[in-house]
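Undergrad: In my numbering, the protein residues as written are 832 to 1254.
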Ligand SMILES: Cc1ncc(COP(=O)(O)O)c(C=O)c1O
């Protein structure tokens, strides 16, 4: 599409947006706020707000312990099956539990146990650091018998070096684990191609879907993915600290074992037997009691996404990131900004990074005096996340115009270079 750098054009785009009515399904108390951080913490859906009240007052307050027999016990599998429809997984393969980091730990340990003779783990330097730390912890706990190979980038951390990736996956590779969408640049891996590449060498594949789930269609079963994890507080709008999810392909569930043998993953937990027998299927990857208040709130939060469908969400997401890329060039390039994300939308998730040597201080000025909320990622990335259900084109226009004003008036100069704890 040929965009124009004018507010009226943004209004036109909003008028033509088939998803425009979904914005009203979210709590938007401050209409002047430009919220570009839905890729870190999604806005609150009204239905989740109402559900949270009902859970606290009725399910917890009135039903008390009876809640476990009124749907709480089954919630990890039930909500997992709802998320499954967003990520192309048949029932019985997705479970909501714990955090993304903990789920990664469980599945990495399970994957490595499936190929004990293989010694290599392949990932990339642009992966979310927690994922790299978890891998390092697993390797240490297993007696340093594995080697982690991190492939790099050929263009300033924007996109991975795919030739290096192909070469790194050898017959000795146990596991290839990558973020489907990279947290800084928003680069989107070709899940099918990478999964096939790994499988050709007999390696298992584990995808971190944190930055893609809820933003674009994912086809785990069709791609033959072995394992996946993802978080629910970004594009799934589940709320701060909402529990994460994990996926284990049906074909390997009975051979897979969780490294944490808790009673929720036991075959008959209410027999209170003294020895562990894993529950059939993916349920064995539960360990203990789950955070019901936030799990059930997150379940409600999924409703707008399930209604809208991932194809229409992706279509709008592409238009949003294309428009923002256009505005980066037309409004911000004269101030020294460059696009830190792929130009081709087929290689991009739903956020973009704009890079500037003063990125940190510009980000602070935006938050503290311009009512714009992006986030900052080292060394010079201001990340702008666009959630198709509630980000409007006018909001993007307004956000870019305010960034331009920060630059014109050099508003960032009064902020210290020293960083706050959370960026
Ligand atoms: C790609 C990715 N993986 C893993 C995590 C860690 O998630 P958690 O803190 O919920 O364990 C995050 C957190 O932002 C993330 O962005």
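Yeah, the Cβ is synthetic: ideal placement off N, Cα and C, and Gly gets one too.
For the candidate residues 1227, 1194, 1150, whose alpha-carbon lies nearest to that of residue 1249?
TA: On the chain shown, position 418 is the one that residue 1249 refers to. Nearest C-alpha to residue 1249: 1194.
Undergrad: Terminal residues of the continuous alpha helix (DSSP H) containing residue 1191?
TA: The sequence position of residue 1191 within the chain shown is 360, counting from 1. Unbroken alpha helix (DSSP H) run through residue 1191: 1190 to 1200.
Undergrad: With distances taken between CB atoms, is the gap from residue 928 to residue 1100 smaller than 8 Å?
TA: To locate residue 928, count along the chain shown from 1; it is residue 97. To locate residue 1100, count along the chain shown from 1; it is residue 269. No, Cβ-Cβ distance for residue 928 and residue 1100 is not below 8 Å.
Undergrad: For residue 1215, count neighbouring Cβ atoms within 10 angstroms of its own Cβ and tell me buried if that reaches 16, exposed if not.
TA: Here residue 1215 refers to the residue found at position 384 of the chain shown. Residue 1215 should be labelled buried.
Undergrad: Measuring straight from C-alpha to C-alpha, what distance separates residue 836 and residue 847?
TA: For this step, residue 836 is matched to residue 5 along the chain shown. For this step, residue 847 is matched to residue 16 along the chain shown. So the two alpha carbons sit approximately 17 Å from each other.
Undergrad: State the CB to CB distance for the pair residue 1032 and residue 1000, rounded to an integer number of angstroms; the pair is presumed to be in contact (CB under 8 Å).
TA: Reading the chain shown from its first residue, position 201 is the one you call residue 1032. Reading the chain shown from its first residue, position 169 is the one you call residue 1000. Correct: roughly 5 Å between the Cβ atoms.
Undergrad: Are residue 937 and residue 1109 close, meaning C-beta to C-beta below 8 Å?
TA: Taking the chain shown and counting its residues from 1, one reaches residue 937 at position 106. Taking the chain shown and counting its residues from 1, one reaches residue 1109 at position 278. Not in contact: residue 937 and residue 1109 (Cβ atoms no closer than 8 Å).
Undergrad: Provide the residue span of the alpha helix (DSSP H) that contains residue 1078, from first to last.
TA: Sequence index remark: in the chain shown, residue 1078 carries index 247 (1-based). Where residue 1078 is concerned, there is no enclosing alpha helix (DSSP H), although the beta strand (DSSP E) it sits in stretches over 1076 to 1079.
Undergrad: For residue 965 and residue 932, which I take to be in contact (beta-carbon distance under 8 Å), what is that distance rounded to the nearest angstrom?
TA: Counting from one through the chain shown, the residue named residue 965 turns up at place 134. Counting from one through the chain shown, the residue named residue 932 turns up at place 101. Yes, they are in contact, since the Cβ atoms of residue 965 and residue 932 sit about 6 Å apart, within 8 Å.
Undergrad: Note down, one range per segment and in chain order, each beta strand (DSSP E) of at least 3 residues found wholly within the stretch 1117 to 1187.
TA: You should have 1182 to 1186.
Undergrad: Which partner residues of residue 1061 appear in the DSSP bridge assignment?
TA: For this step, residue 1061 is matched to residue 230 along the chain shown. Note: residue 1061 sits in a beta bridge opposite 1076.
Undergrad: For a test of your reading of the model: does the CB of residue 1184 fall under 7 Å from any non-hydrogen atom of ligand 1? Yes or no.
TA: Counting from 1 along the chain shown, the entry for residue 1184 is found at position 353. No.
Undergrad: Would you mind working out which of 1201, 1234, 1014, 1144 sits nearest residue 1183, comparing C-alpha positions?
TA: For this step, residue 1183 is matched to residue 352 along the chain shown. Looking at the Cα atoms, 1014 is the closest of the given residues.
Undergrad: Report buried or exposed for residue 922, applying the criterion of at least 16 other Cβ atoms within 10 angstroms of its Cβ.
TA: Residue numbering aside, residue 922 sits at position 91 when the chain shown is read from its first letter. Exposed, because fewer than 16 other Cβ atoms sit within 10 Å of the Cβ of residue 922.
Undergrad: Would the beta-carbon of residue 1088 fall within 8 Å of that of residue 944?
TA: Against the chain shown, residue 1088 aligns to sequence position 257. Against the chain shown, residue 944 aligns to sequence position 113. Contact: yes.
Undergrad: Residues in the same chain with beta-carbon distance under 7 Å from residue 1028, minus the five sequence neighbours each way, listed in chain order, please.
TA: Here the question's residue 1028 lines up with position 197 in the chain shown. 997, 1000, listed in sequence order.
Undergrad: Given a threshold of 16 other Cβ atoms within 10 Å of its Cβ, counted over all protein chains shown, does residue 1135 qualify as buried or as exposed?
TA: The sequence position of residue 1135 within the chain shown is 304, counting from 1. Buried: at least 16 other Cβ atoms inside 10 Å.
Undergrad: What do you get for residue 855, buried or exposed, if any count of 16 or more other CB atoms within 10 angstroms of its CB means buried?
TA: Within the chain shown, numbered from 1, the residue matching residue 855 stands at position 24. By the 10 Å Cβ count, residue 855 comes out exposed.
Undergrad: Any contact between the stretch 1033 to 1042 and the stretch 1001 to 1011? By contact I mean 3 or more CB pairs, one from each, below 8 Å.
TA: These segments touch.
Undergrad: According to DSSP, is residue 1103 part of a helix, a strand, or is it coil?
TA: Within the chain shown, residue 1103 is the residue found at index 272, counting from 1. Note: residue 1103 maps to coil in three-state DSSP.
Undergrad: The alpha helix (DSSP H) spanning residue 970 covers which residue range?
TA: Along the chain shown, one-based indexing puts residue 970 at 139. Here the alpha helix (DSSP H) through residue 970 covers 960 to 972.
Undergrad: Can you tell me whether residue 1017 is buried or exposed? The criterion is at least 16 other CB atoms within 10 Å of its CB, across all chains shown.
TA: What you label residue 1017 is simply residue 186 of the chain shown in a count that begins at 1. It counts as buried.
Undergrad: Let me check you understand the geometry: is the CB of residue 1052 closer than 7 Å to at least one non-hydrogen atom of ligand 1?
TA: Start at 1 with the first residue of the chain shown, and residue 1052 comes out as number 221. Residue 1052 Cβ: outside cutoff for every heavy atom of ligand 1.
Undergrad: Identify the residues that DSSP records as bridge partners of residue 1093: which are they?
TA: Working through the chain shown from its first residue, we reach residue 1093 at position 262. Paired residues: none, contrary to the question.
Undergrad: Nearest CA to the CA of residue 1169: which residue from 1034, 1178, 1155?
TA: Locating residue 1169 in the chain shown gives position 338, counting from the first residue. Per the Cα distances, 1155.
Undergrad: Have a look at residue 1150 and residue 1222 and give me their C-alpha separation to the nearest angstrom.
TA: Residue numbering aside, residue 1150 sits at position 319 when the chain shown is read from its first letter. Residue numbering aside, residue 1222 sits at position 391 when the chain shown is read from its first letter. Rounded to the nearest angstrom, the two C-alpha atoms are 11 Å apart.
Undergrad: Who are the Cβ neighbours of residue 946 in its own chain at under 8 Å, not counting the five residues just before and after it?
TA: By 1-based counting over the chain shown, the position of residue 946 is 115. Cβ neighbours of residue 946 beyond the five flanking positions: 1005, 1006, 1033, 1034, 1035.
Undergrad: Give the straight-line distance between the Cα atoms of residue 1025 and residue 954, rounded to the nearest whole angstrom.
TA: As a first step, residue 1025 is located in the chain shown; it is residue number 194 there, counting from the start. As a first step, residue 954 is located in the chain shown; it is residue number 123 there, counting from the start. For residue 1025 and residue 954, the distance between alpha carbons rounds to 12 Å.
Undergrad: I'd like to know whether the C-beta atoms of residue 916 and residue 1137 end up nearer to each other than 8 Å.
TA: By 1-based counting over the chain shown, the position of residue 916 is 85. By 1-based counting over the chain shown, the position of residue 1137 is 306. Result yes, Cβ atoms of residue 916 and residue 1137 sit closer than 8 Å.
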